Amino acid sequence: MSIYLDHAATTPMLPEAIEAYVDAMSVVGNPASIHSQGQNAKRMLEEAREIVAGSVGCDPIEVVFTGGGTEAINLAIKGLFWARAPRPRILLPGGEHHATMDTVEWLERHDGAEPGWLPLDRAGRVDPARVADALASDPGNVALLSLLAANNEVGTLQPVAEIGELAAAHGIPVHIDAVSAYGQVPIDFRALSGAGRAGTSGGTGGSAGGIVALSLSAHKIGGPVGIGALVLSRRASIVPLIHGGGQQRQVRSGTQDVAAAVAFAAAASALGDLPARNQRLRTLRDRLIAGVHAAVPTAVLNGPTPDGPLEQRLPGNAHFTFPGCEGESLLFLLDAAGISVSTGSACQAGIPEPSHVLRAMGRSEAEARSALRITLGRDSTEADVDAFLTALPVAHAQASRAGMNDRTPTR
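Residue numbers (our numbering): 129 to 539.
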């Protein structure tokens, strides 16, 4: 038996994306070349760009293909920060993905950035009133604001539209990390960014305010690993990370990967009716949540709860802490039973660590070490959920007997 319930880390590549990838890999031609074969490759590339743009409600020219979500996030945060120099402050909530946190901390060490950490509530949500206070306290020194559309661990959906409007009023650009939200909930960049909004540049080299950048990754929706996109508003000013041929609006240089873009587009085309898909996932998720509470009454659901409400979390996300158990122990025991889940983000070089998201939500270190994330995808079934619920009590009993590891540092 092999049950995959870690779709937040990556989801299986779709058959249609694989077919499109293989077919496109046989096409010869650099899309920057002017001969017929190069122009044929360019046509394929631009058609793919149009499809990806359509999936998030932006103009094709605003889609900048990258090597993945992490590069897109780095490009947005570093590029906007450098374009807004010498403003030092970067506002961001606690519990962001490490691609964001580590980028901001790198800028702090190397370029004098001043992180302004915004608190999360017990459900993992950012309070717009706290954002408004942070924006108003010293707007002239704020370079940008960056936040997740949906938390990649606990699945909390953030009020990004409201926060974008608050930032726009101060002429401060906003980057949205939509890697976890893409393919899970509808995204309309044109509406979020307020197409046509004049914004304020805040001076030479400034960048228009409000939501101007949004990060995506193909492998979260059934496309290939190794390609993502930064949706970048025409209004935005940004300094590139990579210099060279200037192939994509002078924002990202380098020969573009036509085959990966075509496969990305195939996955984007297959998103289909998200509201219908979401309802199916919510039904499965709610079945899983109820089953976990029945099997392990002490389990605590993190993020939005039925009183939260559950509609404020990603439809395929269930995140629990199991008091008295190491999350790692549960993971390994479930893996031995053929069930793949996770303790949190898969982007820490495979090194388990206490959830920084739960810590930012006010949980103790012991609670942060007791976490388990179960995430559903388009192919998940009731049988998958039932298999997990059958394996969980045995794994929980064994992990409980093992207890919490002593992590007292040795001298």
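Think of the CB as a built atom: it goes at the ideal place given N, C-alpha and C, for glycine as much as any other residue.
Only a predicted model underlies this, so the values are computations on that prediction, with no experimental measurement involved.
Grouping DSSP H, G and I as helix and E and B as strand, with all else coil, what is residue i?
i      : result
ASN168 : helix
PHE448 : strand
LEU219 : strand
PRO301 : strand
TYR132 : strand
SER468 : strand
LEU399 : coil
VAL192 : strand
ARG487 : helix
ALA137 : coil
ALA496 : helix
ARG253 : coil
THR411 : helix
GLN376 : strand
LEU462 : helix
LEU285 : strand
VAL390 : helix
VAL424 : coil
GLY324 : Summary for GLY324: the model assigns pLDDT 45, below 50, so the residue's position carries little reliability; its value from the coordinates is reported in the next sentence. Looking at GLY324 - three-state DSSP - the assignment turns out to be coil, as it is neither helix nor strand.
LEU263 : helix
THR538 : Note on THR538: pLDDT 36, under 50, position unreliable in the model; the coordinate value appears next. Note: THR538 maps to coil in three-state DSSP.
ARG363 : coil
LEU442 : coil
Going by C-alpha distance, which of the options is nearest residue i?
i      : options                        : result
GLY472 : ALA136, MET129, SER130, ARG217 : ALA136
SER308 : LEU442, ILE355, GLN378, PRO287 : LEU442
VAL390 : ASP134, THR138, LYS170         : LYS170
LEU409 : THR518, GLN286, GLY311, PHE209 : GLY311
LEU402 : LEU462, GLY354, PRO216, ASP316 : ASP316
VAL420 : ARG217, ALA446, ALA200, LEU219 : ALA446
LEU461 : LYS348, ALA530, THR411         : ALA530
CYS453 : PHE516, MET172, ASN533, ALA387 : ASN533
HIS238 : GLY252, PHE209, PRO425, SER265 : PHE209
HIS347 : TYR132, MET129, THR138, ASP134 : THR138
ARG487 : VAL192, ILE189, ALA251         : ALA251
ALA152 : ALA388, VAL254, SER343         : ALA388
ILE201 : SER345, GLU439, HIS298, ALA422 : SER345
THR194 : VAL353, GLU495, GLU481, PHE516 : VAL353
MET229 : ALA527, THR518, SER528, HIS484 : HIS484
ALA422 : PHE516, MET141, ARG506         : PHE516
CYS186 : LEU342, THR426, GLU439         : LEU342
GLY299 : GLY490, THR411, ARG212, GLY505 : ARG212
ALA306 : LEU320, PRO214, ALA427         : LEU320
SER183 : ARG318, LEU272, ARG415, PRO287 : ARG318
ALA523 : GLU495, PRO482, MET141, VAL469 : VAL469
For residue i, does the count of other Cβ atoms within 10 angstroms reach 16, so buried, or fall short, so exposed?
i      : result
ILE162 : exposed
PRO159 : buried
THR383 : exposed
GLY327 : Residue placement at GLY327 is flagged as unreliable, the pLDDT there being 44, under the threshold of 50; a coordinate-derived value is accordingly withheld.
GLN375 : buried
THR284 : buried
VAL150 : exposed
GLN118 : Shown here, the chain extends from 129 to 539; a query on residue 118 therefore has no answer.
PRO521 : exposed
ASP249 : exposed
HIS303 : buried
ASN430 : buried
PRO451 : exposed
GLY322 : buried
VAL156 : exposed
ILE355 : buried
PRO537 : Here PRO537 scores only 38 on pLDDT, less than 50, and its place in the model is too uncertain to base an answer on.
GLY334 : For GLY334, the predicted structure reports a pLDDT of 46, less than 50, and the residue's modelled location is therefore unreliable. The matter cannot be settled from this model.
GLY350 : buried
GLU439 : exposed
Starting from residue i, trace the beta strand (DSSP E) both ways and give me its first and last residue.
i      : result
ARG501 : 499-503
LEU360 : 356-360
GLU242 : 242-246
ALA341 : 338-345
ALA271 : 270-276
VAL513 : Per DSSP, VAL513 belongs to no beta strand (DSSP E); it is in the alpha helix (DSSP H), 510-530.
THR231 : It is not in any beta strand (DSSP E) - THR231 instead sits in the alpha helix (DSSP H) that spans 226-239.
Starting from residue i and walking both ways along the alpha helix (DSSP H), at which residues does that stretch end?
i      : result
THR198 : 197-211
ALA148 : 143-153
ARG318 : 317-321
Closer than 6 Å: is that where the CB of residue i sits relative to any heavy atom of the ligand GDP?
i      : result
ALA398 : With respect to the ligand GDP, the structure shown offers nothing to examine, as it has no ligands at all.
Is there a C-beta anywhere in chain D that falls below 7 Å from the one on residue i?
i      : result
ALA264 : Note that chain D does not occur in the displayed structure, where there is just one protein chain.
Original post:
Is the region 290-304 touching the region 245-261, taking contact as three or more C-beta pairs under 8 Å?
Top reply: Taking 8 Å as the limit for Cβ pairs, the verdict is that the region 245-261 does touch the region 290-304.
Original post:
For the 8 Å Cβ check, are there 3 or more pairs between the region 433-443 and the region 506-516?
Top reply: no
Original post:
Between the region 268-287 and the region 351-368, do three or more beta carbon pairs fall short of 8 Å?
Top reply: no
Original post:
Does the region 486-500 come close enough to the region 164-172 that 3 or more CB-CB pairs lie under 8 Å?
Top reply: no
Original post:
Is the number of C-beta pairs between the region 392-403 and the region 138-146 that are closer than 8 Å three or more?
Top reply: Yes, the region 392-403 is in contact with the region 138-146.
**OP:** Indicate whether the contact test is met: 3 or more Cβ pairs, each with one atom in the region 218-237 and one in the region 170-184, closer than 8 Å.
**Re:** The region 218-237, when compared against the region 170-184, does not touch it at the 8 Å Cβ threshold.
Original post:
For the 8 Å Cβ check, are there 3 or more pairs between the region 212-219 and the region 235-246?
Top reply: yes
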